[in-house]
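Accompanying notes for the structure given below.
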Amino acid sequence: MTTLENRPNTALLVVDVQKGVMAEAHEADAVVANVGALVEKARRAGVPVVWVQHADEDMPKGSDAWEYVPELPRAGEEPLVEKAYGDSFEDTTLEPVLAGLGVGRVVVSGAQTDACIRSTLHGALTRGYDTTLVSDAHTTEDLTRWGAPPPAQVIAHTNLYWTHQSAPGRTAGTVTTEELEFTTAQ
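Once you know that position 163 of the sequence shown is 163 in UniProt numbering, the rest is easy, because the numbers rise by one and skip nothing.
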């Protein structure tokens with residue numbers, strides 16, 4: 001139902017599952033395993049997997065912290081989008097990559113829930129994409145010392161509000177890793 005014309009395909013976005021991001025992430029091992037399962041499902045169905053990789057002063061490009069976790073190897077032909085802002089679309093090549101693949105629906109996974117995941121979800125929906133969040137394949141670190149709710153509550157709240165998101169001509173919602181079924185790419 002995307003508002004983007006001639007974009008019938010789906011892509012899996014794997015956002016910032018990098019060593020520096022995941023080092024103190026809530027239930028990191030389970031989330032990495034779920035993202036890995038999603039990547040395998042997408043590959044089996046011929047659905048593009050698009051990797052998004054953040055760099056900033058705390059996680060400079062080329063540093064060990066900047067690298068993706070070793071459990072999630074990117075296949076050489078899978079697109080890699082580098083970013084410097086929370087929204088994976090902001091000042092990146094993501095939109096042209098997705099347009100080239102005929103993608104009008106994105107399935108979002110990765111980190112951090114309360115930063116790059118939320119920004120990317122909203123960025124996709126406002127740009128016309130159908131946008132699905134995989135409810136058990138995103139995480140965040142504990143930011144309670146700065147007044148944030150505990151990570152499990154941040155994740156649960158994001159899942160709750162994204163389940164009920166809507167926009168004209170677009171769909172949004174959540175699905176678990178187990179529930180997600182990719183159809184074979186066209």
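All C-beta atoms, glycine included, are put in the ideal place defined by N, C-alpha and C.
For residue i, report the span of its beta strand (DSSP E) as first-last.
{"i": "residue 135", "result": "130-139"}
{"i": "residue 105", "result": "103-111"}
{"i": "residue 171", "result": "Run containing residue 171: none; DSSP gives neither H nor E here."}
{"i": "residue 99", "result": "Run containing residue 99: none in the beta strand (DSSP E); it sits in the alpha helix (DSSP H), 94-100."}
{"i": "residue 10", "result": "9-15"}
{"i": "residue 49", "result": "49-54"}
Between residue i and residue j, what straight-line distance do the alpha-carbon atoms span, to the nearest angstrom?
{"i": "residue 102", "j": "residue 145", "result": "43 Å"}
{"i": "residue 86", "j": "residue 16", "result": "10 Å"}
{"i": "residue 37", "j": "residue 177", "result": "7 Å"}
{"i": "residue 76", "j": "residue 110", "result": "20 Å"}
{"i": "residue 127", "j": "residue 152", "result": "29 Å"}
{"i": "residue 21", "j": "residue 112", "result": "7 Å"}
{"i": "residue 172", "j": "residue 4", "result": "15 Å"}
{"i": "residue 142", "j": "residue 95", "result": "31 Å"}
{"i": "residue 186", "j": "residue 148", "result": "Because residue 186 carries a pLDDT of 45, less than 50, the predicted location of this residue cannot be relied on, and no value is offered for it."}
{"i": "residue 116", "j": "residue 7", "result": "24 Å"}
{"i": "residue 166", "j": "residue 71", "result": "34 Å"}
{"i": "residue 155", "j": "residue 137", "result": "10 Å"}
{"i": "residue 91", "j": "residue 179", "result": "33 Å"}
{"i": "residue 108", "j": "residue 14", "result": "7 Å"}
{"i": "residue 28", "j": "residue 11", "result": "23 Å"}
{"i": "residue 120", "j": "residue 114", "result": "10 Å"}
{"i": "residue 129", "j": "residue 89", "result": "12 Å"}
{"i": "residue 39", "j": "residue 32", "result": "10 Å"}
Would residue i be called buried (16 or more neighbouring beta carbons within 10 Å of its own) or exposed?
{"i": "residue 139", "result": "buried"}
{"i": "residue 189", "result": "There is simply no residue 189 to check, as the chain begins at 1 and stops at 186 in what is shown."}
{"i": "residue 34", "result": "buried"}
{"i": "residue 150", "result": "exposed"}
{"i": "residue 60", "result": "exposed"}
{"i": "residue 26", "result": "buried"}
{"i": "residue 123", "result": "buried"}
{"i": "residue 163", "result": "exposed"}
{"i": "residue 104", "result": "buried"}
{"i": "residue 48", "result": "buried"}
{"i": "residue 135", "result": "buried"}
{"i": "residue 160", "result": "exposed"}
{"i": "residue 42", "result": "buried"}
Tell me where the alpha helix (DSSP H) around residue i begins and ends.
{"i": "residue 209", "result": "Residue 209 cannot be examined here, being either before or after the span of the chain that is shown, 1 to 186."}
{"i": "residue 162", "result": "151-163"}
{"i": "residue 21", "result": "19-22"}
{"i": "residue 82", "result": "Residue 82 -> not in any alpha helix (DSSP H); beta strand (DSSP E) instead, spanning 80-83."}
{"i": "residue 124", "result": "118-126"}
Three or more C-beta pairs below 8 Å linking the region 50-59 and the region 77-86
yes
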